[in-house]
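Since the structure comes first, as structure tokens, the remarks are kept for the end.
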Amino acid sequence: MTNTTIRRVLARRVWDSRGRPTVEAEVHTDRGVGRAIAPAGASTGSGEARELRDGGKRLRGLDVSQAVANVNGPIAKALVGLNVADQRAVDQTMIALDGTPDKGRLGANGIVAVSLAAAQAAAQAAQRPLWQHLAQHAPTGKAPRLPLPEVQIFGGGAHAGARVDLQDFLLVAPGARSFAEAIEWTAEVYHAAGARMAARGSVLGVADEGGWWPD
Numbered sequence: 004m005t006n007t008t009i010r011r012v013l014a015r016r017v018w019d020s021r022g023r024p025t026v027e028a029e030v031h032t033d034r035g036v037g038r039a040i041a042p043a044g045a046s047t048g049s050g051e052a053r054e055l056r057d058g059g060k061r062l063r064g065l066d067v068s069q070a071v072a073n074v075n076g077p078i079a080k081a082l083v084g085l086n087v088a089d090q091r092a093v094d095q096t097m098i099a100l101d102g103t104p105d106k107g108r109l110g111a112n113g114i115v116a117v118s119l120a121a122a123q124a125a126a127q128a129a130q131r132p133l134w135q136h137l138a139q140h141a142p143t144g145k146a147p148r149l150p151l152p153e154v155q156i157f158g159g160g161a162h163a164g165a166r167v168d169l170q171d172f173l174l175v176a177p178g179a180r181s182f183a184e185a186i187e188w189t190a191e192v193y194h195a196a197g198a199r200m201a202a203r204g205s206v207l208g209v210a211d212e213g214g215w216w217p218d
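The opening residue of the sequence shown carries number 4 in the numbering used here; numbering runs sequentially from there.
Put into structure tokens, the structure is as follows:
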């Protein structure tokens with residue numbers, strides 16, 4: 004075994020930005036701990052991986068105790084001893100263990116949290132930022148670049164009571180010279196748009212993911 008060998012995998016229930024339960028996973032090696040939380044959207048497309056919820060009346064059926072148990076049980080058992088630096092092996096082991104096209108047996112929320120935590124643990128073991136670690140898996144011959152942030156400026160669809168048919172209006176700043184400058188430009192436009200909408204009486208509030216809720 005090496006210092007990138009997975010020693011322990013565990014999960015717990017935490018709360019997302021909407022006040023709903025979700026899964027946080029940890030992957031431990033001798034070099035540290037990677038930690039990640041499974042994201043969840045307000046709506047799910049027909050081709051998306053399926054998160055595992057408990058159902059029933061408790062927490063409106065949204066609890067994730069079974070998904071957490073699956074990480075702490077069969078997923079942990081399958082991953083302990085693997086090399087955390089081999090992301091493909093980690094992911095393929097979980098996919099094979101689940102055995103369904105949509106990851107619905109063990110739960111995509113548990114699987115994605117563990118996958119992300121493994122990437123974090125591998126980057127930590129290599130003493131690299133996560134983006135540099137992930138760049139190793141990119142096509143050769145291309146210099147790695149940080150992606151530009153895509154920030155929701157207006158919300159619609161399931162994010163804003165279906166007042167507007169389109170769900171996300173995203174703002175991107177391709178001319179920015181750095182990630183920090185892109186965020187600054189986006190913030191300026193976001194607040195200017197909100198002020199103009201408020202002056203016209205056409206903003207109802209803030210939508211589910213932080214964009215303005217248009218009337």
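Positions of the beta carbon are idealized from the N, C-alpha and C atoms, including for glycine.
Under the three-state DSSP convention, the category residue i falls into
i	result
N86	strand
I9	coil
Q139	coil
V175	coil
A41	coil
E54	coil
R91	helix
P24	strand
P150	coil
P104	coil
P123	Checking the displayed sequence, the identity of residue 123 turns out to be Gln instead of Pro. Helix, per DSSP.
L65	coil
L109	coil
L133	helix
K145	coil
Cβ distance (whole Å) where residue i is taken to contact residue j below 8 Å
i	j	result
V30	A126	Wrong, their Cβ atoms sit about 11 Å apart, outside the cutoff.
A14	A28	5 Å
G160	Q170	3 Å
T96	L85	7 Å
E212	Q155	5 Å
Q123	R38	6 Å
A128	R34	4 Å
Short Cβ contact (7 Å threshold) for residue i with residue j
i	j	result
G113	V36	no
I9	L82	yes
S118	D94	yes
G105	A52	The residue you asked about is not Gly; residue 105 is Asp in the sequence shown. Yes.
N73	G110	yes
V67	R148	no
L173	T189	no
G197	W215	yes
G158	A210	yes
A41	A92	no
V192	M200	no
L55	A70	yes
L65	R23	yes
Per DSSP, the bridge partner or partners of residue i
i	result
T32	G35
A128	Answer is none; A128 lacks a bridge partner.
R15	E27
W216	G208
First through last residue of the beta strand (DSSP E) which encompasses residue i
i	result
Q155	154–158
The alpha helix (DSSP H) enclosing residue i, as first and last residue numbers
i	result
V206	Unbroken run through V206 is the beta strand (DSSP E), 206–209; no alpha helix (DSSP H).
S68	68–73
G197	182–202
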